[in-house]
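This report refers to the structure that appears directly beneath it.
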Amino acid sequence: MRYVLKNQEMQTVDHETIHGIGIPGLVLMERASKAVADKAAQIADHSQRILIISGIGNNGGDALACTRILLEQDYLVDYMIVGNIEKASADLKLQLQILKNLGYFPIDCEDVNFHEYDLLIEGIFGVGLSREVGGVYKEVIERINACGKPVIAIDIPSGISGDSGKILGCAVHASSTVTFGGYKRGHLLYPGREYCGDIKLVSIGFHDQTIKKYATGYILEESDHLMPERKAYSNKGSYGKILIIAGNETMSGAACFAAEAALRMGAGLVKVLSDAGNRQILQTRLPEILFGERKDLEESLEWCDCILFGPGVGVSEEMKEMLEMVLKKGKKPLVIDADGLNIISRFNMKIDYPYGTIMTPHLMEAARLMSCDITQIKEDLCQSAQDLAEKYHCTAVLKDATTIVAREDDLVYINQSGNDGMATGGSGDVLAGMITGLLGEGLSVHEAAVHGVYLHGLAGDHAKHDLGAYSMIASDIIAHIKDVTGGNYEPVL
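To convert, note that position 198 of the sequence shown is 206 in my numbering; the numbers rise steadily by one, no gaps.
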């Protein structure tokens with residue numbers, strides 16, 4: 009896993025590294041600049057021209073130090089400074105003086121034709137930007153984007169909020185971003201994630217213990233061990249008895265997707281309680297499942313090790329009463345998805361389930377649950393997920409292009425697997441089944457939510473690799489669960 013920071017947290021890490029640990033700021037700047045120069049050397053050869061565009065803060069200092077390093081390596085480099093140099097940071101002024109001492113002077117912004125260069129490196133603003141971009145900065149950013157040349161952004165593309173990923177007026181659309189120490193939220197949340205291009209995270213002297221101390225988020229990586237261990241001496245009861253309450257008379261597919269996903273995740277036994285008319289459909293498609301009717305609920309709650317309530321059940325008084333029974337009689341971890349969430353918001357139900365709850369809303373469902381407009385949910389996805397977790401005393405899985413998992417008073421998980429091909433009917437039912445399958449195999453509520461989200465996205469990445477984003481459907485995600493549960497799968501590039 010890797011830790012994720014907000015702007016203020018990164019500034020605190022930087023301050024403690026320099027003033028507490030004692031690593032000079034110029035050492036950090038030199039290492040950062042060397043990493044950017046190394047990235048440039050992978051893209052441009054010595055016959056190509058490079059333009060470096062500096063702001064007047066320490067991000068600009070990185071850009072000027074990078075200029076010096078590339079010039080030392082005999083690259084064809086020009087550099088320009090955007091902004092009032094009188095207001096520049098002390099470190100930037102020092103880097104500028106070093107360049108001048110070596111005989112290298114900045115070129116005037118007005119005289120630059122960006123189209124004449126083969127590669128641009130920009131360090132106009134860093135992650136601390138919090139205001140709308142305007143004036144000469146906006147003009148330069150628009151010129152960068154218009155020239156159509158590869159762009160390396162230093163730390164984060166200028167104009168992207170490091171906290172939210174939002175575009176602050178306008179932003180550099182980079183092909184690559186080199187960032188330092190830890191990811192910032194703006195790298196991982198849309199639209200910032202798209203504007204960053206390929207992201208390279210490099211260590212420049214910020215120690216892991218310092219980053220961990222201040223981080224408020226994290227991501228998972230392919231190298232993380234995610235699946236629960238299976239033992240040779242075991243039986244079907246060793247891997248969970250899962251109860252799924254899903255599907256009304258017109259929505260058998262939701263129950264099928266959730267049940268099969270749970271089975272493919274390794275669940276030992278899956279029982280589906282559904283409308284009686286779905287028995288033949290479900291047991292024909294999935295002869296491995298047990299089937300029960302809604303009248304069997306109380307008995308089934310005693311039998312199971314975990315519960316999934318909601319996919320395709322519809323919103324009705326009957327379903328409200330069933331959910332109330334689950335909350336009253338259930339004694340095992342509970343996942344509430346889809347119509348289960350709509351029942352909660354429609355009937356203004358309170359959730360305080362002591363055995364662990366996972367709620368999996370998409371943005372519109374989250375808005376209903378929080379009694380607000382969807383734009384408020386989008387304003388800050390991480391905070392919205394935390395608000396949901398606090399209101400409903402649950403682990404919240406807030407589903408979007410970047411899915412967020414949050415629980416009360418803990419780090420937020422910012423998912424980085426998955427793709428746009430997964431925006432297809434039934435994908436959420438598959439996710440709910442995968443999470444519930446992990447619960448049945450003994451993962452904690454929070455682990456099951458986080459690992460389920462990540463593995464669901466990876467299975468979708470394999471499906472896209474095989475079929476393309478246009479052709480893949482929810483069944484294809486299930487078909488590729490096998491590729492992400494063995495522990496030795498190859499990541500899809």
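Think of the CB as a built atom: it goes at the ideal place given N, C-alpha and C, for glycine as much as any other residue.
For residue 147, the enclosing alpha helix (DSSP H) has its first and last residue at 143-155. Residue burial is scored here from C-beta neighbours: residue 415 has at least 16 other C-beta atoms within 10 angstroms and is therefore classed as buried. Beta-bridge pairing by DSSP links residue 62 to 89 and 131. Proximity to residue 237 across 454, 208 and 273 peaks at 273, based on C-alpha coordinates. Taking each of 65, 449 and 489 in turn and checking the Cα distance to residue 245, the smallest one comes out for 449. Ranked by Cα distance from residue 459, the options 470, 442, 471 and 474 are led by 442. Between residue 380 and residue 340, the gap from beta carbon to beta carbon reaches 8 angstroms or more.
In this structure residue 164 is buried. Its beta-carbon is surrounded by 16 or more other beta-carbon atoms within 10 angstroms. Taking a cut-off of 8 angstroms for Cβ pairs, the segment 96-116 and the segment 135-149 do not touch, as fewer than three such pairs fall below it. With a cutoff of 8 angstroms on beta-carbon distance, residue 21 and residue 63 are scored as not near each other.
Every unbroken stretch of the alpha helix (DSSP H) spanning 4 or more residues and falling wholly within the segment 166-200 is given here in chain order: 193-196. Annotated three-state conformation of residue 79 is helix, per DSSP.
Distance check between residue 179 and each of 216, 132, 207 and 217 places 132 closest, using alpha-carbon atoms only. By the neighbour-count criterion, in which 16 or more other beta carbons inside 10 Å mark a residue as buried, residue 347 falls on the buried side.
Residue 427 holds the alpha-carbon nearest to the alpha-carbon of residue 407 among 401, 399, 417 and 427.
Around the CB of residue 444, 16 or more other CB atoms lie within 10 Å, so the residue is classed as buried.
Sequence-distant Cβ neighbours of residue 214 in its own chain, meaning closer than 6 angstroms and more than five residues away, are 21, 25 and 189. The C-alpha of residue 402 lies about 7 angstroms from the C-alpha of residue 367. Remark: C-beta atoms of residue 283 and residue 319 do not approach each other more closely than 8 angstroms.
The C-beta of residue 285 has fewer than 16 other C-beta atoms within 10 Å across all chains shown, which makes the residue exposed. In this structure, the alpha-carbon of residue 493 lies about 13 angstroms from that of residue 231.
Counting only unbroken stretches of 3 or more residues, the beta strand (DSSP E) elements lying wholly within the segment 396-425 are 403-406, 412-414 and 420-422, in sequence order.
Excluding its 5 nearest sequence neighbours in each direction, residue 59 has C-beta neighbours in its own chain below 6 angstroms: 86, 125 and 128, listed in chain order. Residue 365 has 342 as its beta-bridge partners, per DSSP. Beta-bridge annotation (DSSP): residue 206 is paired with 184.
Judged by beta-carbon spacing, residue 342 lies within the 8 angstroms limit of residue 364, meaning their Cβ atoms are closer than that value.
In the structure shown, residue 161 falls within a strand segment according to DSSP collapsed to helix, strand and coil. As DSSP reads the structure, residue 248 sits in no beta bridge.
Straight across, the Cα-Cα distance linking residue 419 with residue 434 is about 29 angstroms. Bounds of the alpha helix (DSSP H) holding residue 264 are 260-272. Beta bridge pairing from DSSP links residue 225 with 12 and 420.
Listed in chain order, the non-local C-beta contacts of residue 9 below 7 angstroms within the same chain comprise 226, 227, 228, 229 and 232, local neighbours out to five positions each way being set aside. Taking the Cβ atoms as the reference, residue 436 lies roughly 7 angstroms from residue 370, within the contact range of under 8 angstroms.
Closest in alpha carbon position to residue 77, among 421, 31 and 37, is 37. Here the C-alpha atom of residue 72 lies approximately 16 angstroms from the C-alpha atom of residue 49.
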